[in-house]
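Accompanying notes for the structure given below.
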Amino acid sequence: MNAGALYKVARGDDDPVPVPAGMGPLDGRGQIGSVALWVFMGVVTSLFSLFVVAYGLRMDSPDWVPLALPWQVWLSTALLAAGGMAMTRSARQAAGGHRAMATRSLIAGGMAALAFVVSQGWAWASLADAAVVPAAHPSASFFYLLTGMHALHVLGGLVVWGVAWRALARWHLPPAALALRIRLLARYWHFMLAVWLVLLAALGWLTPEIVRAICGTAA
6 MNAGALYKVA RGDDDPVPVP AGMGPLDGRG QIGSVALWVF MGVVTSLFSL FVVAYGLRMD
66 SPDWVPLALP WQVWLSTALL AAGGMAMTRS ARQAAGGHRA MATRSLIAGG MAALAFVVSQ
126 GWAWASLADA AVVPAAHPSA SFFYLLTGMH ALHVLGGLVV WGVAWRALAR WHLPPAALAL
186 RIRLLARYWH FMLAVWLVLL AALGWLTPEI VRAICGTAA
């Protein structure tokens with residue numbers, strides 16, 4: 006469902022759409038796409054917020070065992086940030102009519118995103134090798150759940166990346182229209198980075214004491 010919603014936001018109309026002089030890149034259907042993406046990101050924010058709240062409430066239980074984050078999550082962070090920067094650069098290059106440069110930057114962003122998913126698989130494998138599996142204890146279950154949900158949303162973004170790459174390769178739309186698609190994709194990627202940083206903060210530094218202080222139940 007997430008991939009489908011993002012696909013509709015980025016796909017738009019495959020027919021060339023002339024952009025009259027003086028019109029901004031977010032006029033017309035571009036504005037609709039931008040608003041739709043903001044709404045979608047709001048829904049995703051609510052989803053992950055509920056998961057983080059459940060995580061915080063669960064960690065106050067007697068059977069809670071803190072989980073040391075695998076080092077691969079920092080590699081994942083760097084890859085996600087690099088992907089977003091490459092896509093932002095691609096949007097600027099597409100707006101300037103630099104097709105080859107925009108294509109290279111977009112491909113680099115997609116490869117970084119794919120590498121992020123691979124690095125997450127590596128992190129899960131390293132935990133599994135240490136006998137830290139979802140059934141081991143609640144903190145392990147939440148780690149797999151939160152990072153797995155995030156990886157699914159990144160994969161959904163990769164579907165949209167493929168649509169944007171196809172449009173860029175065909176170069177049948179005005180540069181402003183192509184730049185808009187890639188800019189919306191880059192916005193989603195920066196959003197995914199922000200969500201990821203919040204998840205890392207919760208998984209790595211949130212403690213039962215902090216949760217009690219936030220909830221006003223500290224002794």
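In terms of the working numbering, the numbers along the sequence shown are unbroken and rise by one, the last being 224. The C-beta atom is built at its ideal place from N, Cα and C for all residues, glycine as well.
When we look at the beta-carbon of Thr212 and count the other beta-carbons within 10 Å, is it buried (16 or more) or exposed?
Along the sequence shown, read from residue 1 onward, the residue named residue 212 stands at position 207. Looking at its Cβ environment, which holds fewer than 16 other Cβ atoms inside 10 Å, Thr212 is exposed.
- Item | Contact check, Val58 vs Leu205, beta carbons under 9 Å | For the purposes of this step, residue 58 is identified with residue 53 of the sequence shown, where counting begins at 1. For the purposes of this step, residue 205 is identified with residue 200 of the sequence shown, where counting begins at 1. Going by C-beta atoms, Val58 is not nearer than 9 Å to Leu205.
Among Arg171, Ala145, Ser54, nearest to Ala133 - alpha-carbon criterion = By 1-based counting over the sequence shown, the position of residue 133 is 128. Taking only the C-alpha atoms, the option nearest Ala133 is Ala145.
Just verifying my parser: in three-state terms, what is the DSSP assignment at Pro139? Mapped onto the sequence shown, residue 139 falls at position 134. Correct three-state label for Pro139: coil.
Note to self: Buried or exposed for His155, going by 16 or more other Cβ atoms inside 10 Å?
What the structure shows: Taking the sequence shown and counting its residues from 1, the one referred to as residue 155 is at position 150. The residue in question, His155, is buried, as its Cβ has 16 or more Cβ neighbours within 10 Å.
Checklist line | Best match in Gly101, Pro75, Gly88, Ile112 for proximity to Trp129 [C-alpha to C-alpha] | finding: Along the sequence shown, one-based indexing puts residue 129 at 124. Measuring from the Cα of Trp129, the nearest candidate turns out to be Pro75.
To the nearest angstrom, how far is it from the Cα of Thr50 to the Cα of Val200? The residue you call residue 50 lines up with position 45 of the sequence shown. The residue you call residue 200 lines up with position 195 of the sequence shown. Looking at the two C-alpha atoms, the distance is approximately 8 Å.
Check your understanding: Count the other CB atoms within 10 Å of the CB of Ile219; is the residue buried (16 or more) or exposed (fewer)?
Key -> By 1-based counting over the sequence shown, the position of residue 219 is 214. When all chains shown are included, Ile219 counts as exposed.
Just verifying my parser: in three-state terms, what is the DSSP assignment at Thr50?
Numbered from 1 along the sequence shown, position 45 holds the residue referred to as residue 50. In the structure shown, Thr50 sits in a helix (DSSP, three-state: H, G or I).
Distance check for Leu80 and Ser124, CA to CA, integer angstroms please.
As a position in the sequence shown, residue 124 is number 119, starting the count at 1. As a position in the sequence shown, residue 80 is number 75, starting the count at 1. One C-alpha to the other measures close to 7 Å.
What first and last residue would you give for the alpha helix (DSSP H) that runs through Pro213? Sequence index remark: in the sequence shown, residue 213 carries index 208 (1-based). Pro213 -> alpha helix (DSSP H) spans 213 to 220.
Q.
So, at 7 Å on beta carbons, what are the nonlocal neighbours of Leu84 in its own chain, with the 5 sequence-adjacent residues on each side left out?
A. Within the sequence shown, the letter at position 79 stands for residue 84. Correct list, in chain order: Ala117, Ala120, Phe121, Ser124.
>> DSSP three-state label for Leu72, please.
In response: For the purposes of this step, residue 72 is taken as the residue at position 67 of the sequence shown. Here Leu72 sits in coil by DSSP.
### Message
At 3 residues or longer, what runs of the beta strand (DSSP E) sit wholly inside the region 96 to 169?
### Response
If you keep only unbroken beta strand (DSSP E) runs of at least 3 residues inside the region 96 to 169, you get nothing at all.
**Message:** Using a Cβ distance threshold of 8 Å, determine whether the region 93 to 100 contacts the region 178 to 192, with at least three qualifying pairs required.
**Reply:** yes
Next on the checklist: Buried or exposed, going by whether 16 or more other CB atoms sit within 10 Å of the CB of Gly101?
Outcome noted: What you label residue 101 is simply residue 96 of the sequence shown in a count that begins at 1. When all chains shown are included, Gly101 counts as exposed.
Assigned exposure category for Trp170 - 16 Cβ within 10 Å defines buried:
Numbered from 1 along the sequence shown, position 165 holds the residue referred to as residue 170. It is buried - the Cβ of Trp170 has at least 16 other Cβ atoms within 10 Å.
* Asked: Apart from the five residues on each side of it in sequence, which residues of its chain come closer than 7 Å, Cβ to Cβ, to Met106?
  -> Walking along the sequence shown from the start, residue 106 turns up at place 101. Excluding sequence neighbours, Met106 sits near Gln98.
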